[in-house]
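Residue numbers (this note's numbering): 1061 to 1159. Report on the structure given below.
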């Protein structure tokens, strides 16, 4: 199965803690799947460099409002579409459009 984990908007407080736990644990607990993991840049997520089944896309979503809007409406949906996931797990209450 191909799973997209979108945690691009979880960069502070409780969201960061929950996002980091899910993003770090799920690929290790279910290594038979392929993962696209969308993470905020520079806030302490484990990059999973040692895992062949994980592709990382770093987001600058904590940047300016125009940058966040561009990523949320253009870049992130394009990355998800190109991955062709079976499941999109969008952490942080922001759906990912795949049209």
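C-beta atoms are modelled at their ideal positions from N, C-alpha and C, and glycine is treated no differently.
- Unbroken beta strand (DSSP E) runs of no fewer than 3 residues, entirely contained in the region 1077–1121, are found at 1094–1100 and 1114–1119, following chain order.
- When C-alpha distances from residue 1138 are compared across 1090, 1081, 1085 and 1119, the shortest belongs to 1119.
- Remark: fewer than three beta-carbon pairs, one from each stretch, lie closer than 8 Å, so the region 1073–1084 and the region 1126–1142 are not flagged as touching.
- DSSP places residue 1064 within a strand segment (E or B) once states are collapsed to three.
- In this chain, the alpha helix (DSSP H) harbouring residue 1137 covers 1136–1143.
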